[in-house]
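Visitor: Quick note, the sequence shown lines up with residues 1 to 341 if you use UniProt numbering. Beta carbons are placed, not taken as given, at the ideal position from N, Cα and C, and that holds for glycine. The structure's right below; bear with me while I get my questions together.
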Amino acid sequence: MSREAFHLLLEKYLQDRCTDEEKEIVEKWYGMLDKQDMEDVDATEINMLEQKLWERVHKDAITPVVKFSPSLRIWAAAAIAGFILLAGYAFFVNQSKAPKFMASLALNQLKEYRNSTDKEVLFKLEDGSQVTLQPKASLKYPIHFSKSLREVSLEGEGFFQISKSPERPFLVYNKNVITRVVGTSFIVKNNGWGNETEVIVKTGKVIVSANSENLAFNMKNLLKSNHEVVLSPNQKTVYNAAENTFATTLVDRPLPIDLKENKQVIKESYSFNDTRVAEVLNRLQIAYGVEIVVEDKALYNYTFTGDLSEQSLYNQLDFLCESIKANYRVEGTKIVISTNQ
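Here it is as structure tokens:
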């Protein structure tokens, strides 16, 4: 099997596009490796590990673990050899994917804005999009966006308000993730030592995917699919580069959404008088764009009287649940209400 075929096979596996038979083959052969030894392998050990794997493959080829044809088993062995080669490549490169414009444009066509002050700075791009950069943050961008794509590269924390242009998607790159939008507002920032990136959506929708070329030599990372998450208003995700995982949930303080204008609004009347709980919850769902699930459907028939105006969503739920002897919890991007046990 050629090296190009190795890469195509592994790319299919990482993108979860393999057939069940292909997936089982790769996983069976990968299971021969000593995973603990592979976690923190030194670059000088690549050849040794590859040789060790081949010895295991040849040994198990005599007594196969699963019933596959000999030709299919040889193909699987070659695939795993390619897996080791790709892992070694990832170890030596270990770089984030850069925006296309940074590779294709001359230096005099690129700009960088760095916030060297101790306050946030509002910065405007040529398409009308606005970026609020926090102290020490920087933004790299082309003097002129292309006709089909708008790309920028961010270091640090920035709040983006993107002008609508469906035919020209807007991509924000940082060392861990790529955030894709067509018109919305959101925050991108690094947490901790830079191994985590948090994306918070204010309005619209964004697609967040792992920066796929940022691969450390870790077999668990390489085996995970190159997944992505879609975020709506009042949702956030934290990407952990070390684990190659997304943790998606609601923001700490959800705000009501003006669906017609796609803007967040702060003040709205939430006064209820002997109103069925089903109607109250429906009102909150629409207002915040958050799914609320009720485990005990009998709770829908309860009534609620009270004024929840100028309260945060979670305070509103506290008052409501207290009146109907229930409680709530956040599960991912949903709010689940259940009766008190």
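How would you write the range of the alpha helix (DSSP H) that I143 sits in, first residue to last?
Guide: Looking at the DSSP string, I143 is not in any alpha helix (DSSP H), and its letter there is neither H nor E.
Visitor: Please tell me whether S185 and I162 are closer than 8 Å, where the distance is taken between their beta carbons.
Guide: In contact: S185 and I162 (Cβ atoms closer than 8 Å).
Visitor: Alpha helix (DSSP H) containing N282: first to last residue?
Guide: V277 to Y288
Visitor: Given this structure, state the Cα-to-Cα distance separating V65 from T19, to the nearest angstrom.
Guide: Here V65 scores only 42 on pLDDT, less than 50, and its place in the model is too uncertain to base an answer on.
Visitor: Could you give the DSSP three-state label for L299: helix, strand or coil?
Guide: The DSSP-derived three-state label of L299 is helix.
Visitor: So, is A298 buried or exposed, given that buried needs 16 or more other C-beta atoms within 10 angstroms?
Guide: Label assigned to A298: exposed.
Visitor: What does DSSP give as the partner residue(s) for D307 in the beta ladder?
Guide: S271
Visitor: Can you give the Cα-Cα distance for K136 and D274, rounded to whole angstroms?
Guide: Straight through space, the alpha carbons of D274 and K136 are spaced by roughly 52 Å.
Visitor: Between the Cα of G158 and those of K164, V199, E167 and F170, spot the shortest distance and give me the residue it belongs to.
Guide: V199
Visitor: In whole angstroms, give me the CA-to-CA distance for K236 and T303.
Guide: 32 Å
Visitor: What does a CB cutoff of less than 6 Å around L281 pick up in its chain, not counting 5 residues either side in sequence?
Guide: I292
Visitor: Going by DSSP, which residues form a beta bridge with E112?
Guide: K140
Visitor: Report the three-state DSSP secondary structure of L153 (helix, strand or coil).
Guide: Reading off the sequence, residue 153 comes out as Ser, not Leu. Strand.
Visitor: Establish whether the CB of V251 and some CB of chain D are separated by less than 8 Å.
Guide: No chain D appears in the structure shown, which is made up of a single protein chain.
Visitor: Leaving out the 5 sequence neighbours to the left and right, which residues in its chain are closer than 6 Å to S129 when beta-carbon positions are compared?
Guide: I162 and S163
Visitor: Give the straight-line distance between the Cα atoms of V208 and L110, rounded to the nearest whole angstrom.
Guide: The straight-line gap from Cα to Cα measures roughly 25 Å.
Visitor: For the beta strand (DSSP E) containing S185, list its first residue and its last residue.
Guide: S185 to N191
Visitor: Nearest by alpha-carbon distance to V290: which of V177, K202 and A241 is it?
Guide: K202
Visitor: For A241 and V181, what's the separation of their Cα atoms in angstroms?
Guide: 21 Å
Visitor: Considering only DSSP beta bridges, list what N327 is partnered with.
Guide: S338
Visitor: Do D307 and S338 come within 8 Å of each other at the CB atom, strictly closer than that value?
Guide: no
Visitor: Compute the Euclidean distance between the alpha carbons of D252 and V294, then round it to the nearest angstrom.
Guide: 21 Å
Visitor: Relative to the C-alpha of N115, which candidate in S323, D127 and T132 has its C-alpha closest?
Guide: T132
Visitor: According to the neighbour-count rule (16 or more other Cβ atoms, all chains shown, within 10 Å of its Cβ), is K140 buried or exposed?
Guide: buried
Visitor: Which word fits L317, buried or exposed, when buried means at least 16 other C-beta atoms lie within 10 angstroms of its C-beta?
Guide: buried
Visitor: Work out the CA separation of D296 and G183 for me, nearest whole Å.
Guide: 38 Å
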